[in-house]
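Structure first, then comments.
Protein chains: 2
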Amino acid sequence: MKTFQLSEKLLKKIADLIQAKKNSPLKKLVKDIHFADMAEIINELNLDEGVYLIKLFDSEKTSEILTELDDDVREKILKRLSVKEIAVEIEELDSDDAADILGELSDQRKEEVILEISDDSLADDLKELLSYEENSAGGLMAKELVKANENWTVTKCLKEIKQQGEYVTRVHSIYVVDDKEKLIGRLSLKDLITSPSKKLIKDIYIPKVDSVNVFEDGEEVAKIMSKYDLEAIPVINNKKQLLGRITIDDIVDLIKEEAEEDYLLAAGVQGDVEADDSIIELTKARLPWLFLGLIGGLGSVFILEGFEEVMSHPSYKALFFFTPLIAAMAGNVGVQSSAIIVQGLANDVVKGSLINRLLKELGLSLINGLILSLLTIVFGLATNLPIELSITISLSMLCVIVVAALIGTSIPIILDKRGIDPAIATGPFITTSNDIFGIFLFFYIAKIILGF
Amino acid sequence: MKTFQLSEKLLKKIADLIQAKKNSPLKKLVKDIHFADMAEIINELNLDEGVYLIKLFDSEKTSEILTELDDDVREKILKRLSVKEIAVEIEELDSDDAADILGELSDQRKEEVILEISDDSLADDLKELLSYEENSAGGLMAKELVKANENWTVTKCLKEIKQQGEYVTRVHSIYVVDDKEKLIGRLSLKDLITSPSKKLIKDIYIPKVDSVNVFEDGEEVAKIMSKYDLEAIPVINNKKQLLGRITIDDIVDLIKEEAEEDYLLAAGVQGDVEADDSIIELTKARLPWLFLGLIGGLGSVFILEGFEEVMSHPSYKALFFFTPLIAAMAGNVGVQSSAIIVQGLANDVVKGSLINRLLKELGLSLINGLILSLLTIVFGLATNLPIELSITISLSMLCVIVVAALIGTSIPIILDKRGIDPAIATGPFITTSNDIFGIFLFFYIAKIILGF
Numbered sequence: 331m332k333t334f335q336l337s338e339k340l341l342k343k344i345a346d347l348i349q350a351k352k353n354s355p356l357k358k359l360v361k362d363i364h365f366a367d368m369a370e371i372i373n374e375l376n377l378d379e380g381v382y383l384i385k386l387f388d389s390e391k392t393s394e395i396l397t398e399l400d401d402d403v404r405e406k407i408l409k410r411l412s413v414k415e416i417a418v419e420i421e422e423l424d425s426d427d428a429a430d431i432l433g434e435l436s437d438q439r440k441e442e443v444i445l446e447i448s449d450d451s452l453a454d455d456l457k458e459l460l461s462y463e464e465n466s467a468g469g470l471m472a473k474e475l476v477k478a479n480e481n482w483t484v485t486k487c488l489k490e491i492k493q494q495g496e497y498v499t500r501v502h503s504i505y506v507v508d509d510k511e512k513l514i515g516r517l518s519l520k521d522l523i524t525s526p527s528k529k530l531i532k533d534i535y536i537p538k539v540d541s542v543n544v545f546e547d548g549e550e551v552a553k554i555m556s557k558y559d560l561e562a563i564p565v566i567n568n569k570k571q572l573l574g575r576i577t578i579d580d581i582v583d584l585i586k587e588e589a590e591e592d593y594l595l596a597a598g599v600q601g602d603v604e605a606d607d608s609i610i611e612l613t614k615a616r617l618p619w620l621f622l623g624l625i626g627g628l629g630s631v632f633i634l635e636g637f638e639e640v641m642s643h644p645s646y647k648a649l650f651f652f653t654p655l656i657a658a659m660a661g662n663v664g665v666q667s668s669a670i671i672v673q674g675l676a677n678d679v680v681k682g683s684l685i686n687r688l689l690k691e692l693g694l695s696l697i698n699g700l701i702l703s704l705l706t707i708v709f710g711l712a713t714n715l716p717i718e719l720s721i722t723i724s725l726s727m728l729c730v731i732v733v734a735a736l737i738g739t740s741i742p743i744i745l746d747k748r749g750i751d752p753a754i755a756t757g758p759f760i761t762t763s764n765d766i767f768g769i770f771l772f773f774y775i776a777k778i779i780l781g782f
Numbered sequence: 331m332k333t334f335q336l337s338e339k340l341l342k343k344i345a346d347l348i349q350a351k352k353n354s355p356l357k358k359l360v361k362d363i364h365f366a367d368m369a370e371i372i373n374e375l376n377l378d379e380g381v382y383l384i385k386l387f388d389s390e391k392t393s394e395i396l397t398e399l400d401d402d403v404r405e406k407i408l409k410r411l412s413v414k415e416i417a418v419e420i421e422e423l424d425s426d427d428a429a430d431i432l433g434e435l436s437d438q439r440k441e442e443v444i445l446e447i448s449d450d451s452l453a454d455d456l457k458e459l460l461s462y463e464e465n466s467a468g469g470l471m472a473k474e475l476v477k478a479n480e481n482w483t484v485t486k487c488l489k490e491i492k493q494q495g496e497y498v499t500r501v502h503s504i505y506v507v508d509d510k511e512k513l514i515g516r517l518s519l520k521d522l523i524t525s526p527s528k529k530l531i532k533d534i535y536i537p538k539v540d541s542v543n544v545f546e547d548g549e550e551v552a553k554i555m556s557k558y559d560l561e562a563i564p565v566i567n568n569k570k571q572l573l574g575r576i577t578i579d580d581i582v583d584l585i586k587e588e589a590e591e592d593y594l595l596a597a598g599v600q601g602d603v604e605a606d607d608s609i610i611e612l613t614k615a616r617l618p619w620l621f622l623g624l625i626g627g628l629g630s631v632f633i634l635e636g637f638e639e640v641m642s643h644p645s646y647k648a649l650f651f652f653t654p655l656i657a658a659m660a661g662n663v664g665v666q667s668s669a670i671i672v673q674g675l676a677n678d679v680v681k682g683s684l685i686n687r688l689l690k691e692l693g694l695s696l697i698n699g700l701i702l703s704l705l706t707i708v709f710g711l712a713t714n715l716p717i718e719l720s721i722t723i724s725l726s727m728l729c730v731i732v733v734a735a736l737i738g739t740s741i742p743i744i745l746d747k748r749g750i751d752p753a754i755a756t757g758p759f760i761t762t763s764n765d766i767f768g769i770f771l772f773f774y775i776a777k778i779i780l781g782f
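Here you go:
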């Protein structure tokens, strides 16, 4: 199998059939398209066409398509569906996906939809799920799971899980609870099949079971599941009662989303935007960081003005030609240092004290800086720059590189210690502050050495 | 559960017990530590201590620890183990992990280890797995799976899978093959339990089964599995014969690694390095991009020299104070544009023609550029800059922003069309080229307007 590649041709064919209201050839055309791919198609259609297509399918397929749509497209389509229609879709979904969709509705519509849901226990489950923070274990978990009481026999258990299993898409483990619903262990389906039918569950279950608290942060859950290679993890409350479970597919989505956000943030793009978003949304995501860059750049105007008199010196004025080089070096080195630290903090490999970390960075930046400075001296010789000027520029650049590396290393660590996401420090923030600092340092050191 | 936090205290206690060769308190101390956490501990110990600890455990735990160690630590530890010792570990592992470890040995040792393996079918499996590219489906898959022949009865199938299941850590699906080993469908364990015992598999299996070709690219497999929420996917050869299966935990690792590499690449750090790597390795990863920045910066020295005469003008010389601002703007805008495109290309959301994409970016950069230019004029007024100079600077900056955005957008798209990873375009590459281009454009436009 290959991932689906949406062609302009298919898109046009679908749009034409919708326009002509030719339902049966339309249904035939899209019958074998996976719901994740149908969502891609609807993302590209206009709203009327999308709503038409959504209403064409039976609710089992529609509900799955809804979960896969782009947030903004889904929001618009949900606005065009009645409370009853949404309730029908919700009932088809796993509770975690259902709660995610409900969470996007206004408070009033949310309540109206829940009132429309005929299955009371589902309605209760959804209300419970909606009460948790979106990015907590509670917000990620689904209520569907297969559990066994420790006092059941193997036969009873097999019968029960056949029933429970009907509502659960994938059975990973059977969780074992006591009479007070406290999670005490797990039972693998494989073990269950191989045990004599009269044995009690309490005699065959595995008492060791990993779980996370319902208030645990989603990122931490992702770390636990990926580190320990778990495909599902049960969620418990403070009384250790079993509330739900989180499956790896939700974690894969979370990991991908966070990686994307960090990547964009490092490039000075804030928030969860995509190339296909509107110009307004993209501007909102980009302008704040550009504004920061502007402030920084205007700051460096003042610094350079302070060294205006250098311009009248016949050979020292060449220092001004080197400002973009210095700013670029300060920025590049700083971004490298901070990115490595941010990544290390995310993977828990940044250990030891800040001092040790800075000493290592000092060594590293000295090596890089010396090599680059020597090359700059060679450049100076080749372009007939006065030798004392070449040496001054190289020495100042070396200092700038070292300082930029130390700033790039320490800011993320300090932010992290104060509980602020260090990812914010990479990119424009570091570049801008290092630009200003680097340029000032460069001219200041040059001034001391050359004595102007 | 929480992720394990390695404390200096625990590390010291372990090191002390190793030094004193107190094996039984040492074993007791680490007994309940998960192998992924043990690997973290060994990553931090020195080599002798690490080897000592590795040899202390039974091979079941050791082998799992080996798979989780940092690459460089594992390489060093493997060098200290005999061929026989490695073979014993290999036999404990799933075939995909075993092949990964074997793949890190020299060709000669690899063969020696395989000769030591007593189980011939495992040795054959490993030789097969080693023949595939590391990042292909074949390189990712494990040979362990549970399969059923279509002509078996439910009873026979249950018996067979109990046997097969002993060697398979997690049973996701039972794959159904015909007499020629061709994959024809799947069977869920749940369905199998609920069917009458005399039914034939061919009457109850689900003929729809997703699979990937053994030569498929690993990134594409990751895309397929995460898009379609698959927890395992069977791998077939060109004759559609079932060869192995890939599970989601391997894909989670792949997704994380690739996200990290892209993140670091965008910050100008090449390759798979971590904060804890040696200074030499980190220098190798960082210096090439800094060198590129140096070349770019020296290039801009030439450009600025070309506008040297502006320095003698009483008020136009202020243009030089604005070069860091212009370079920063060109760099920031370019990096933003390219990051959004790179992300979009990875998610297949960059559709439509290059022209449409550039038109959108034109609109976006005009909005951002106008706002920033107006602010710059305000700044000029506030700092008593001559009004024609303020306007010139703002207009040039607007042009630079627009051009930088267009360059940032088109380079990744062009690279992608030529089959080059567009991720390489973000970061230093775009910053450096936009620096030079931006500075040149800024002075050139200013020259035209002001007529110096």
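The listed protein sequences correspond, in order, to chains A and B. Per our numbering: the first sequence = residues 331 to 782. Per our numbering: the second sequence = residues 331 to 782. Glycine included, every Cβ here is placed at the ideal spot set by N, Cα and C.
query, result
"Neighbour flag for L864 of chain A against chain B, beta carbons, 8 Å", "Any question about residue 864 of chain A goes unanswered here, given that chain A covers just 331 to 782."
"Within chain A, the residues that A366 of chain B reaches when beta carbons sit closer than 7 Å", "K557, Y558"
"Rounded separation between I491 of chain B and S518 of chain B - CA only", "12 Å"
"N479 of chain B - partner residues in DSSP beta bridges", "B:V507"
"Helix, strand or coil at T577 of chain A [DSSP, three-state]", "strand"
"Buried/exposed call for N543 of chain A, threshold 16 Cβ in 10 Å", "buried"
"Interface partners of G515 of chain B on chain A, CB under 7 Å", "Correct list: empty, because the minimum Cβ distance to chain A is about 14 Å."
"C-beta neighbour in chain A for Y593 of chain B, strict 8 Å", "yes"
"Proximal residues of chain A, C-beta to C-beta of E604 of chain B below 8 Å", "I670, Q673, G674, N677, V679"
"Interface partners of W619 of chain A on chain B, CB under 9 Å", "N662, Q666"
"Cα-Cα separation, F770 of chain B to I656 of chain B", "10 Å"
"Secondary structure of A472 of chain B, DSSP reduced to three states", "strand"
"Chain A residues whose Cβ lies nearer than 7 Å to that of A596 of chain B", "Y593, A596, A597"
"Residues near N373 of chain B by beta carbon distance below 7 Å, same chain, minus five either side", "L399, D400, V403"
"Short CB-CB distance (under 8 Å) between R575 of chain B and chain A", "no"
"The stretch 411-430 of chain B touching the stretch 619-638 of chain B, judged by at least three CB pairs closer than 8 Å", "no"
"With 16 other Cβ atoms within 10 Å as the buried cut-off, status of K473 of chain A", "buried"
"Within-8 Å CB hit, L705 of chain B to chain A", "yes"
"Spatially closest choice to D602 of chain A from A:Y774, A:D449, A:A615, by CA coordinates", "A:A615"
"Continuous beta strand (DSSP E) stretch holding Y640 of chain A: start and end", "What sits at residue 640 of chain A in the sequence shown is Val, not Tyr. No beta strand (DSSP E) contains V640 of chain A, which DSSP labels as neither H nor E."
"Residues bridged to G515 of chain A (per DSSP)", "A:V506"
"Spatially closest choice to D388 of chain B from B:N714, B:S337, B:K357, by CA coordinates", "B:K357"
"Closest by C-alpha distance to L572 of chain A, when choosing among A:P758, A:I741, A:K512", "A:K512"
"Opening and closing residue of the alpha helix (DSSP H) in which A755 of chain A lies", "Careful: A755 of chain A lies outside any alpha helix (DSSP H) and carries neither H nor E."
"I685 of chain A, DSSP secondary structure in three states", "helix"
"Interfacial residues, the stretch 641-652 of chain B to chain A, with Cβ spacing under 7 Å", "M641, K647, F650, F651, F652"
"Chain-ordered chain A contacts of K690 of chain B [CB-CB under 7 Å]", "I609"
"Enclosing alpha helix (DSSP H) for A597 of chain B [first to last residue]", "A597 of chain B -> no alpha helix (DSSP H), and no H or E assigned at all."
"Where the stretch 723-740 of chain B meets chain A: residues whose CB sits under 7 Å from a CB there", "none"
"A658 of chain B versus F773 of chain A - alpha carbon distance", "18 Å"
"Inter-stretch contact (C-beta, 8 Å, three-pair minimum) for the stretch 438-452 of chain B and the stretch 476-492 of chain B", "no"
"Buried versus exposed call for H502 of chain A [16 or more other C-beta atoms within 10 Å across all chains shown]", "buried"
"Neighbouring residues, chain A, relative to R616 of chain B (Cβ below 7 Å)", "Q666, N698"
"Own chain, CB closer than 7 Å to E611 of chain B, minus 5 neighbours either side, in chain order", "V603"
"Contact check, L470 of chain B vs I576 of chain B, beta carbons under 8 Å", "yes"
"C-alpha distance - L624 of chain B paired with K747 of chain A, whole-angstrom precision", "34 Å"
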